[in-house]
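Beneath this line is the structure, given in structure tokens, with notes to follow.
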Amino acid sequence: MDNKYIESMLSEMDKDLSAQGMSRRDAMKLAGLSSAGLFLGATSTASADEEKIVKNDAKAKIVIVGGGLAGISTAARLTLNLSNPDITIIEPEETSASYQPGQTLVGAGIWDADDILYKRDDFVPDGVKVIKERAILFNPQKNNLTTETGQVITYDYLILAMGVQLDFERIKGLEEAGRAYSSGNNDKLMNALGDSICSIYTAQGSVKTWEIMQKYIAQAKSGKKTKFIFTHPSTPIKCGGAPKKIIYLTNARLKEEGARENAELTFYPNGGAMFGVPEYHDAIVGQFKREGIKHHYRHNLIEVDKEKKIATFDSKWQEKGPWDPVMKDFEVIPKHEKLRVPYDFLHVSPAQIAPREIAESDLGSAKGWIPVNKETLQHIRYENVFSIGDVAQVPMGKTGGSVRKQYKVLVDNLIAHMNSKKLEAKYAGYTVCPLITDIGTVMLAEFDWTVTPTPSFPLDPTVERWIFWLMKVYALKPMTMYGMMSGRA
Amino acid sequence: MKKIVLTILFASMGLVASEGEVPYKSGLLLAPQADKIYATECSHCHGENGKQTNFKGSPGVVVYAKIAGMDTATLAQILKEYRGGVKTKDYQPLNKYGYGAAMVSPTRDLSWDEIDAVAKYINSLK
Amino acid sequence: MQIEFELVTYNEALDTFELDETMYQMEISDEDAQTYELLKSSDLNLYNWLKESEQFINYIREEIYPDSDKKKVAISDINGTTFRRFYFFKVTSGDSHYEYFKKLFGIHEESDWQDREEIGEEILESLLVKRQELIINLEVNTMDDNIDEEA
Numbered sequence: 047m048d049n050k051y052i053e054s055m056l057s058e059m060d061k062d063l064s065a066q067g068m069s070r071r072d073a074m075k076l077a078g079l080s081s082a083g084l085f086l087g088a089t090s091t092a093s094a095d096e097e098k099i100v101k102n103d104a105k106a107k108i109v110i111v112g113g114g115l116a117g118i119s120t121a122a123r124l125t126l127n128l129s130n131p132d133i134t135i136i137e138p139e140e141t142s143a144s145y146q147p148g149q150t151l152v153g154a155g156i157w158d159a160d161d162i163l164y165k166r167d168d169f170v171p172d173g174v175k176v177i178k179e180r181a182i183l184f185n186p187q188k189n190n191l192t193t194e195t196g197q198v199i200t201y202d203y204l205i206l207a208m209g210v211q212l213d214f215e216r217i218k219g220l221e222e223a224g225r226a227y228s229s230g231n232n233d234k235l236m237n238a239l240g241d242s243i244c245s246i247y248t249a250q251g252s253v254k255t256w257e258i259m260q261k262y263i264a265q266a267k268s269g270k271k272t273k274f275i276f277t278h279p280s281t282p283i284k285c286g287g288a289p290k291k292i293i294y295l296t297n298a299r300l301k302e303e304g305a306r307e308n309a310e311l312t313f314y315p316n317g318g319a320m321f322g323v324p325e326y327h328d329a330i331v332g333q334f335k336r337e338g339i340k341h342h343y344r345h346n347l348i349e350v351d352k353e354k355k356i357a358t359f360d361s362k363w364q365e366k367g368p369w370d371p372v373m374k375d376f377e378v379i380p381k382h383e384k385l386r387v388p389y390d391f392l393h394v395s396p397a398q399i400a401p402r403e404i405a406e407s408d409l410g411s412a413k414g415w416i417p418v419n420k421e422t423l424q425h426i427r428y429e430n431v432f433s434i435g436d437v438a439q440v441p442m443g444k445t446g447g448s449v450r451k452q453y454k455v456l457v458d459n460l461i462a463h464m465n466s467k468k469l470e471a472k473y474a475g476y477t478v479c480p481l482i483t484d485i486g487t488v489m490l491a492e493f494d495w496t497v498t499p500t501p502s503f504p505l506d507p508t509v510e511r512w513i514f515w516l517m518k519v520y521a522l523k524p525m526t527m528y529g530m531m532s533g534r535a
Numbered sequence: 035m036k037k038i039v040l041t042i043l044f045a046s047m048g049l050v051a052s053e054g055e056v057p058y059k060s061g062l063l064l065a066p067q068a069d070k071i072y073a074t075e076c077s078h079c080h081g082e083n084g085k086q087t088n089f090k091g092s093p094g095v096v097v098y099a100k101i102a103g104m105d106t107a108t109l110a111q112i113l114k115e116y117r118g119g120v121k122t123k124d125y126q127p128l129n130k131y132g133y134g135a136a137m138v139s140p141t142r143d144l145s146w147d148e149i150d151a152v153a154k155y156i157n158s159l160k
Numbered sequence: 002m003q004i005e006f007e008l009v010t011y012n013e014a015l016d017t018f019e020l021d022e023t024m025y026q027m028e029i030s031d032e033d034a035q036t037y038e039l040l041k042s043s044d045l046n047l048y049n050w051l052k053e054s055e056q057f058i059n060y061i062r063e064e065i066y067p068d069s070d071k072k073k074v075a076i077s078d079i080n081g082t083t084f085r086r087f088y089f090f091k092v093t094s095g096d097s098h099y100e101y102f103k104k105l106f107g108i109h110e111e112s113d114w115q116d117r118e119e120i121g122e123e124i125l126e127s128l129l130v131k132r133q134e135l136i137i138n139l140e141v142n143t144m145d146d147n148i149d150e151e152a
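Chains as they are written, first to last, in the working numbering: chain A, 47 to 535; chain B, 35 to 160; chain C, 2 to 152.
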């Protein structure tokens, strides 16, 4: 069944391509480039439904804080759906429209830095105003906010899409790294991390990851035993699969170079499982075993000694405690101690937090994330405020795939509210993680709040497939950058 | 994390900017504005010019050295030690200079960059 | 049929529960027995049904705590279905109780990375609210009770 399905998908792709006068091979190559015009035609087939959009006449001033994938897609779809849109995006970073999902591929040398670099101003829809500053003070009772230059911006509706911050500074030894955003200048972070610690969580960092990875692969190839350590932090993160994807890719590159025997790969996640969905957890445990990748659950990275190249983990485990006669069950005593692990190559997936200016404002919450109704994406306290993407407190919602479902829900609900109607569109928690397990295979993990697999294709979702690799490397980016970012896909 | 306020004086030094004035808050990854940070966090105990050496708090008078003109690198190091780590659950800031309790709160939100900038600023105070 | 149940008493001032370690029995009608059969596999529905039952409340008032100062109680067991976890959960409780409450309160973080202490605290927060729904108030509001005691 698999081959037939692949064949039929490929032949569909070929049909569309030949209509554009393009060979499949060329299209695959072009898909990696940033030339917008060439691909617009082809991607209209990727975005299945070209809806007939009837514009809504309601008017209101809409301000979107954050010009990343979520903010721009939402602005675009609002522009498409309103006859008189008045939309402002507040975003200081020039390269905020960069394709973050590609950072894993850059980190393993499959794509280049240019393949993911996109400028905000190239993607902000026509008619949308841009304020190139940080919003730092929020006053939702008065419906306004203040930027870093003191400019006060009023709004009728506020959409919060500023994403997460990478909290490297909480690791002792990396305090000078501070906190970071994925895009933009991260020289300070690169200096603090040095030559053997890396992270694909920033665009600049993903390029450095490939450099450092090659260095240590060469070392392993030369016969020296080389230790590769990978972490997963104690906070929610965007792209829950990325900390593992980079392990698989390092593994693949080592095998390519014939250096795998001298390398020891170990994964130290903070949690007690590989994945929340049991089917995917089992699949990953099997893959790790097959590839000879070690793992130690419940280890949280708390310190690094860059000179001595030692990583310190807070290792937690549980011991059976005394019998509780009331609960008629044994108590469980959590224990922990510090474990020092020497490394040659350390890949850090950093702890992630909501930006402080929003976390500590009235719009934030105890944990920092923006408290919204997880289905309608409306703020729980302010009815003219919505949130989307990584910064919203939505279970399992921190992936590009989730944003793709969320932004349509948000736009429908916002327009309903503008027309004093009930908010009926609902996000169901769809999350997708194209888990790269090798160069050439991806396990497409899709799930929602039922915590069971919810595959879009009629195939066993726990099997790693080449077709999803193709999708990840060639189709997802144009679909995102030209389909979703224009408010259509 | 809301900071622990020592006196009412601190509470009045809010960050809400008056109309037209440029607001600044530490710990937000903005380019450091040492003078603003100093005014908000340091000046009520150390004085506008860094020369104040005592403070009448509770339970009694607290006495300390003059900080104006202190060496930048030393001062930055001390401030970073006072600040300690981000998650106090994992490690505690030092109190070796004896003023740990009082110094934790003002340094809590500062990034390393901001501490470096403030140290330089204090060094330049005459 | 007989329904066997156990109770806990609630100390409002201290916000604590105590086990009344007695197994009580109450006779219910055939019709009610049928309802019991339907509800017995859904613990919270079973609980609410019994809690709302006039017969049950009166039974407790008259037979179990007739003159006492115990004004608020809750049910800890019904025919073997236990509700103790609602009143006595603590961060050191066994994993099965965590799993139960995670499902009940919809607690799951990104990819389910769990830190026992944090999750435990989240559960306790949600429990504070939920337990109040389970408490049965035995006070009877009659005109006699409204005696103004202020001097």
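Positions of the beta carbon are idealized from the N, C-alpha and C atoms, including for glycine.
Excluding the 5 residues flanking it on each side, V141 of chain C has same chain C-beta neighbours closer than 8 Å at R62, in chain order. Assignment of C479 of chain A by DSSP, reduced to helix, strand and coil, places it in the strand class. Residues of chain C whose Cβ lies closer than 9 Å to the Cβ of I379 of chain A are, in chain order, T93.
As for any alpha helix (DSSP H) of minimum length 4 sitting wholly inside the segment 190-266 of chain A, the runs are 233-239, ordered along the chain. For F89 of chain C, the nearest CB of chain A lies under 7 Å from its own CB, placing it at the interface with that chain.
The beta-carbon of D168 of chain A is placed no less than 7 Å from the nearest beta-carbon of chain C. Between G173 of chain A and chain B, the shortest Cβ-Cβ separation is not below 7 Å. Counting C-beta atoms within 10 angstroms of its own C-beta, Q260 of chain A has fewer than 16 neighbours from the protein chains shown and is therefore classed as exposed. Your pair S433 of chain A and L206 of chain A checks out as a contact, with CB atoms roughly 4 Å apart and the cut at 8 Å. Neighbours of S145 of chain B in chain A, taken as residues whose beta carbon is under 8 Å from its own, are E215, G224, R225 in chain order. Counting along the chain, F90 of chain C sits inside no alpha helix (DSSP H), nor does DSSP assign it H or E at all. For M24 of chain C, the enclosing beta strand (DSSP E) stretches over residues 17-28. At least 7 Å separates the CB of I356 of chain A from every CB of chain B. The shortest CA-to-CA distance from G287 of chain A to any of A:L469, A:A309, A:S395 is the one to A:S395.
Secondary structure at S97 of chain C: helix, using DSSP grouped into helix, strand and coil. Around the beta-carbon of K518 of chain A, 16 or more other beta-carbon atoms lie within 10 Å, marking it buried. Taken atom to atom, the span from the alpha-carbon of V350 of chain A to that of V138 of chain B is near 23 Å. Boundaries around K52 of chain C are those of the alpha helix (DSSP H), 44-52, since no beta strand (DSSP E) includes it. The shortest CA-to-CA distance from G95 of chain C to any of C:T82, C:K73, C:E118 is the one to C:E118. For I461 of chain A, the closest of A:L124, A:G209, A:I485 by C-alpha to C-alpha distance is A:L124.
Remark: C-beta atoms of K73 of chain C and Y11 of chain C approach each other more closely than 7 Å. The Cβ-Cβ distance between L183 of chain A and P66 of chain B does not fall below 7 Å.
T150 of chain A sits in a helix when the DSSP states are folded into three classes. At least one CB of chain C lies nearer than 7 Å to the CB of F376 of chain A.
The Cβ atoms of A491 of chain A and V437 of chain A lie no closer than 7 Å to each other. Interface criterion met: the Cβ of V372 of chain A is under 7 Å from a Cβ in chain C.
The beta carbon of P380 of chain A is closer than 7 Å to those of K362, Q364 in its chain, skipping five residues each way along the sequence. Counted as a single uninterrupted DSSP element, the alpha helix (DSSP H) harbouring T296 of chain A occupies residues 288-302. Residues of chain C whose Cβ lies closer than 8 Å to the Cβ of G367 of chain A are, in chain order, T93.
Here E123 of chain C has F106, I108 as same chain residues with Cβ atoms under 8 Å from its own Cβ, once five neighbours each way along the sequence are excluded. In the structure shown, W363 of chain A falls within a strand segment according to DSSP collapsed to helix, strand and coil. Residues are counted here when their Cβ sits less than 7 Å from a Cβ of chain A; for the segment 19-34 of chain C these are L20, given in chain order. DSSP places P324 of chain A in the helix class (H, G or I) of the three-state scheme.
Annotation for K72 of chain C: no alpha helix (DSSP H) segment contains it, and DSSP assigns it neither H nor E. Of the residues assessed, M24 of chain C falls on the exposed side of the cut-off, its CB having fewer than 16 other CB atoms within 10 angstroms. Of the candidates A:Y453, A:A249, A:T445, A:T445 places its Cα closest to the Cα of C479 of chain A.
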